[in-house]
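**Q** Protein chains in written order, with this note's numbering: chain H, 30 to 344; chain L, 2 to 328; chain B, 5 to 264; chain F, 105 to 492.
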Amino acid sequence: MPPWFGHRYVTLALLAVTIGLLPLFFPSTYYFRVASLVWVSAFAAIGLNILMGQAGQVSLGHAGFFGVGAYAVAIGPTHLGIPVWAAVLAGAVISAGLAHLVGRPILRLKGHYLAIATLGLGVLVALVITTESRWTGGPDGMSVARLTLFGWRASGSSTWYWISGGLLVLGAWIALNLSETPTGRAFRALHDSEVAARVVGIDVSRFKLQAFVIASVYASIAGSMLALMNGFINPDQAGFLHSVELVTMVVLGGLGSVVGSIVGAAVLVTLPQLLTVFQEYEHLLLGLIIILSMIFMRDGIVPTISKPLARRSRA
Amino acid sequence: MPAEFGGVGRCIEPARIGLFGSVAWPPLAAKRSVEQRMSDFFQFLVSGLTVGSVYALVALGFTLIYNASDVVNFAQGEFVMLGGMVTVFASAAGVPLPLAALIAICIAVVVGLLLYWLAIEPARGASAVTVIIITIGASILLRGIAQIVFDKQFHKLPAFTGDAPVDLFGAAIQPQSFWVLGGTAVIVTLLYAFLELTLLGKAVLATAANRLAAHLVGINTRTVMALAFGGSAAIGAVAGVLITPITLTSYDVGTLLALKGFAAAMLGGMGNPLGAVAGGILIGLLESFGAGYISSTYKDAFAFIVILVVLVALPQGLFGRRAVERV
Amino acid sequence: MTILEVTGIGISFGGIKAVDDVSFSVSPGQILSIIGPNGAGKTTLFNVVSGVYEAQQGSVVLSGEDVTGYAPDRLAALGLSRTFQNLQIFQRMTSVENVMVGRHLRENCNLFADLFRLRSVTRQNRATREAALVLLDDVGLRDSADEIAGSLSYGACKRLEIARALAAEPRILLLDEPAAGCNAVETEEIDGLIREVAGKGIAVVLVEHDMKLVMKISDRILVLDRGKTLVEGTPSEVRNNPAVLEAYLGKRGAREAARA
Amino acid sequence: MKLLPAIKVHVAAGAVGLLFCQPVVAQQTVKVGSVLSVTGPASFLGEPEDKTLRMYVDKINAAGGVAGKKIELIVYDDGGDANKARTFATRLIEDDKVVAMVGGSTTGTTMAMIPVFEEAQVPFISLGGAIEIVDPVRKYVFKTPHTDKMACEKIFENLKQRKLTKIGMISGTDGFGASMRAQCTKAAPAYGIEIVAEETYGPRDSDMTAQLTKLKGAAGIQAVVNPGFGQGPAIVTRNYAQLGMTAMPLYQSHGVASKSFIELAGASAEGVRLPAAALLVGDKLPDGDPQKKVVVEYKTTYESTAKQPVSTFGGHAYDGLYVLVDAMKRANGTDSKKIRDEIEKTKGFIGTGGIVTMSTTDHLGLDLSAFRMLEIKGGDWALVQPGS
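1. For the beta strand (DSSP E) that F:N165 lies in, which residues bound it at each end?
2. In the stretch 138–176 of chain L, which residue ranges form an unbroken beta strand (DSSP E) of at least 3 residues, counting only runs that do not cross its ends?
3. Using 7 angstroms as the threshold, is the C-beta distance between F:A63 and F:G452 below it?
4. Per DSSP, F:N330 is paired with what?
5. Based on DSSP bridge pairs, tell me the residues matched to B:Q61.
6. Does any residue of chain L bring its CB to less than 7 angstroms from the CB of H:V280?
7. According to DSSP, which residues form a beta bridge with F:K481?
8. Near F:K396, what residues of its chain come up, given a Cβ to Cβ distance below 7 angstroms and the 5 sequence neighbours on each side ignored?
9. For L:P166, decide whether its Cβ has a neighbour in chain F, counting only Cβ atoms nearer than 7 angstroms.
10. Run through chain H and tell me which residues come within less than 9 angstroms of B:H108, C-beta to C-beta.
11. Should the stretch 268–279 of chain L be called in touch with the stretch 272–291 of chain F, which here means at least 3 C-beta pairs below 8 angstroms?
12. Quick test of your reading: L:V72 and L:I121, contact by CB under 8 angstroms. State the CB separation rounded to the nearest angstrom.
13. For a cutoff of 7 angstroms on Cβ pairs, would you count F:E198 as touching chain H?
14. Can you grab the Cα-Cα spacing for the pair L:I108 / F:V134, in whole Å?
15. Does the beta-carbon distance from B:A167 to B:V189 come in below 7 angstroms?
16. Nearest-angstrom Cα distance between F:L177 and H:T305?
17. If you scan the stretch 137–207 of chain B from start to end, which runs of the beta strand (DSSP E) of 3 or more residues do you find wholly inside it?
18. Given that a residue counts as buried once 16 or more other Cβ atoms are within 10 Å of its Cβ, and exposed if not, what is F:T464?
19. Name, in chain order, the residues that DSSP records as bridge partners for F:A204.
20. Look up B:D77 in the DSSP assignment and say whether it is helix, strand or coil.
21. When you check each C-beta in the stretch 180–194 of chain F against every C-beta of chain H, which residues fall closer than 7 angstroms?
22. Could you tell me which of L:A57, L:A124, L:F155 and L:K203 sits nearest to F:E367, measuring between CA atoms?
23. Check whether chain L comes within 7 angstroms of H:G268, counting only Cβ atoms and requiring the distance to be less than that.
24. Using beta carbons (cut-off 7 angstroms, strictly below), is B:Q89 in contact with chain H?
25. Going by Cα to Cα distance, which pick from F:R242, F:A234, F:G212 and F:I235 is closest to F:V226?
26. Starting from the Cα of B:L84, find the closest Cα among B:D180, B:E111, B:L8 and B:S29 and give me that residue.
27. Whether or not the stretch 113–127 of chain L and the stretch 323–340 of chain H are in contact is what I'm after, with contact meaning three or more pairs of Cβ atoms, one per stretch, closer than 8 angstroms; do they touch?
28. The alpha helix (DSSP H) with H:G316 in it runs from where to where?
29. Cutting at 7 angstroms between CB atoms, please list the residues of its own chain near F:S310, excluding the five before and the five after it.
30. In whole angstroms, what separates the C-alpha of H:V287 from that of H:V69?
31. Going by DSSP, name the residue or residues bridged to F:K270.
32. Give the residues from the stretch 132–146 of chain F that approach chain L closer than 9 angstroms (Cβ to any Cβ), ordered along the chain.
33. Kindly give me the distance between the Cβ atoms of F:A314 and L:S297, rounded to whole angstroms, as I take these residues to be in contact under 8 angstroms.
34. Can you list, in chain order, the residues of its chain whose CB lies under 8 angstroms from that of B:Q34, leaving out five sequence neighbours each side?
35. Where does B:G33 sit, in a helix, a strand or coil, going by DSSP?
36. Check the Cβ-Cβ distances between B:A207 and every residue of chain H, and say whether any is below 7 angstroms.
Below is the structure:
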């Protein structure tokens, strides 16, 4: 049995156990709410990490896809009367379609040029959402129908904790699956050397596109989850600042590390909750923490911590 | 452009806002005389140039730092904020405007240098995206400090030479606009002269071209980078001082400016100062003509659509260097 | 019969002709070496043939099909594989993964199967890994199979690239200075490896500075100078061509050649 | 198995220590929560609201609190982010266990928080502007600021009196602007107003000359209405003067009802009209005016404590707090449901925003009379005499 086989399921098991046991330590359902937010953000971050960490392509407009998913579950049931679960799928399909359509031309761009192109894409999506108020409720957002499956109505923080938690495990499982497969290796190869990748026969643009589409679907589903969880959605979730937040989660946690994305999300979601007691010093501290952790853990939190452990285990 | 609108039928129906209904069609300009359309045109033109100049200056800041250190500094907008806010509070404290502006620029430069020494230099060798996150953290930090040191209100500065609008081909122009345009021109010229005519400037260019080589021929690349951060901080601050009388300022004006400035720099071609200026002006014009002739609702869209189209056609931006990959 | 036919290739950068009207051809099992002083355009020629650069003149014909201007991945699919002079290994991946990537075209790569890591994928992974390990063994890197490639020595990386190139089971193999940075022993191994490869009927095009190696294993040699073809012929022809001897091998090189 | 609860308690304590830096709750206090946009794009709303709540809660406590209990005020800053607001709302309900909430600076954050309070059945007095907050009426949701619908009607009423029927509208694309724009478009026909041309600007736009030039050129416009808040309207007003359009009356909204608007717009603001609460003209009110005492008292308290010019935004927080406190007094207890019922029974409450009389069908309790039409004269507010 190849060595990586174990790792994958160890990670997943640990994740599942964490999600399963965490509620024992929650004094109130407010913690369910915060944790669910972490799971949802982590889900989006894991997807983005496939694009950024594995395939090495940056996206500064990923909240756009998040917004597509969110508004799909908002608009679908409200205006078009389609069931919520179908709206989630629709959102994912639309996001994938959009990513595929736009990805083809812009993924030829490199580095910062790709960054600004994706950023532009995100801004455009957010702009449409904000402006087409007849459908989206405009800048103040719109309320979202509750998720109902076979007559059972999903509501309450704890319910969503389990839904988002389960989803996260699924998302992590797929991401972990990917990295050790022909597709995953192709991603990582073109990340390290595009020319070498092409010379061994990898259709670079095709694989970049695949990574982009996968990441967009992750973001879209995460968006749908958040919208359903909140029962309300507004354009901020599709905005530039949210895109930056997602990228920060990925980089802070560690490029290419699934666990890293979860840790990154956990940090960025819970920090404001912790720092809020510092009143007007909140933002100052947030900025300071981001700077310091990136200086002293430049590869991201998880890789920086796990590296020495790995070395010890090899020795 | 307005000529095409000529002769189109009369327009009394209310304009609707929306993706398809967003244009008042037939356009409101329809029944207007040639003179009026000319004056409108100049109005849009100057407004676009004015706003564009600010984007250009921010983009210039991006470029300067990027060339010297490969860092994309998302805290660039905060320099503009500092320029404006410090001037406002200094002059409120009774300091004469020119002196206040000078103080603001100096403070911005100090902040720029501190940013380099305390946040960028320690992370030398980290991946580009890591450093970008650091600069994002820096911009959050600076905003956080600003809202404590200053306040969260909006503030204005008196126009340098009065508010009485100047008539230019029938367009009413704020005198301050000329200050902005002139100031931008001066800064661009000075920067150009500095880079081309001074030894230090050549050192910056050399570092931009090849940091290792520059280091080997004995250029102190650290000094050059510090210089770049100080310099673009100064440029940003000047932009803030020039524009505040027109646009007002507050502790959080930086974010959007950084966004637009970054877009401008990329549109022009990252690493090319003149490209940055061109990109900034272009985006400014796109916004104002877009708002003027097509739809104010989607004016921000035009800028980004154009950026996407340009980059798809020219992956290195308008004036970026085409690099052959050496393998 | 020839498998690779290159005719009248020309490309210039900023007015300078890097490669000017160069032609050559190789047949299966043949070893063609391209030599010449630095800046003669050897690597550029490789980049054109392997589709990294687009030729401005001339044509490349691969087993009868005109492939001029094809993208590298298409050429790879047609059986052309190469290594790089200045390393292009996948730094963050392990040695064995590098070689596994080399098998890309030999694996069937289905996104959905991969996303859910179906049995078939795991099985294929195992097979690919085995194959990769064999190749690593051939280039003497079996022991460092699970080390991060970025941590390998220069010579090791060179050999890793060869293994990766062979993993694609090419019909033509372009080797850009495979022996650079290798000690005598390693060079010997590479020598043997190249013969072995050619023995399997793979056409080998070799850019190399180690004249000893070149003279020993080449069937034919192409001498480039300032982008132009100077001489083409068998080792003995080239060896006995005074112009080549003096101008491009230099006295030392000449002696080496004579001894070989 | 016996181990688990032990860990649980232990770690839970740790978690509490970590997440809760809040003071130890003294006996005999009643918790009132608030989520405000103290920072971010709407901070000019959230900041005065925050200051107001804190200063008056201190006052109330100094005077012995309400129903024999001191008020413990818990304020969270959502930075204008609806999703954050939603989380803090949950925190107030689940963790802090507040009996009522006064807050929600913007319509966006308010709408995001409503489900939480409706589900928890805790009264929520919003400071958001849009009418959709209280229409349809939600059992536990109230609000104190005048609706944007009322603002439109007040403006149109004044236009009608001036026999102006064709207007141009330039609105911000932020929540406030977009919502009021929609309301005005709806209300216009009833007043025989025709919106001839429409323009918009982004919340952060720094130059609106292009849009105004279009309005200037539009056929037959007699007046311009600018639904918007923040710095946008100030720039619109400046550009309006710059383009020499001042011959056409310019109407701003209650979204700029603070002295800082006049400061920012400077001389350009001369002659600009807007509907606003009496608060801005407290000293100019006739002595007979029932609101005079309240607004003058609030104005002086705020300006002396906060060291910045009074705004109607802080006033809304004042009204919300006292509507709640009165209800608590009448309920004579801290049972959320009772308090909610009493809030709904609020009658003739004199606040800075007007005289509030709520009912089961009206969770705002203000009518058009609460709005005064103001005009900016000589850099200060002036009451517009009815009919002019």
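C-beta atoms are modelled at their ideal positions from N, C-alpha and C, and glycine is treated no differently. As the structure is a computational prediction, the values presented were derived from the model and not from experiment.
**A** So, from the data block:
1. That residue, F:N165, is in no beta strand (DSSP E); its alpha helix (DSSP H) goes S147 to A166.
2. 167–169 and 172–174
3. Summary: the structure shown does not reach residue 63 of chain F, with chain F confined to residues 105 through 492, and so no result is reported for it.
4. F:Q356
5. B:G14
6. yes
7. F:D484
8. G386 and L389
9. yes
10. P211, R214, A215, A218, A226, V229, G230 and I231
11. no
12. 6 angstroms
13. yes
14. 47 angstroms
15. no
16. 15 angstroms
17. 176–180
18. exposed
19. F:V136
20. helix
21. Y180, D181, D185, A186, N187, K188, R190, T191 and T194
22. L:F155
23. no
24. no
25. F:R242
26. B:L8
27. yes
28. E311 to F325
29. I339
30. 14 angstroms
31. F:E298
32. V142, T143, G144 and P145
33. 7 angstroms
34. A202, A207, V208, D223 and R224
35. coil
36. no
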